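Numbering (our numbering), first residue to last: 1325 to 1427.
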């Protein structure tokens, strides 16, 4: 099994980014794959954990005083519902930013 990690900085406060990852109303539009996920325990608003099929996904949100660094760690690169490379995650981050600019 191969672990994958990707990071992205977004110039939005962490609480807003957390809501986008935590609310099905939001992620159902910009990242529908989370609709198939099971939410695990985390440490809001710093950490969200999901399981998609047999793959664990940890989303860490670091507050950078007005911006947020998003770190995703995926336990496997074999899940068909999740991006399985860094470029795929950057497409997800782009979709997140496009969604933010539309609301």
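Cβ atoms here follow ideal geometry from the backbone N, Cα and C, with glycine treated the same way. For clarity, every value in this text was computed on a predicted model and none was experimentally measured.
- Spanning the alpha carbons of residue 1420 and residue 1388 requires a straight line of approximately 18 angstroms.
- As the crow flies, the alpha-carbon of residue 1404 is around 24 angstroms from that of residue 1341.
- Secondary structure at residue 1360: helix, using DSSP grouped into helix, strand and coil.
- Residue 1332 is bridged by DSSP to 1394.
- In the pairwise beta carbon analysis, the stretch 1409-1420 is classified as not touching the stretch 1360-1374: fewer than three pairs are separated by under 8 angstroms.
- Just measuring C-alpha positions, the residue of 1379, 1357, 1426 and 1383 sitting nearest residue 1367 is 1383.
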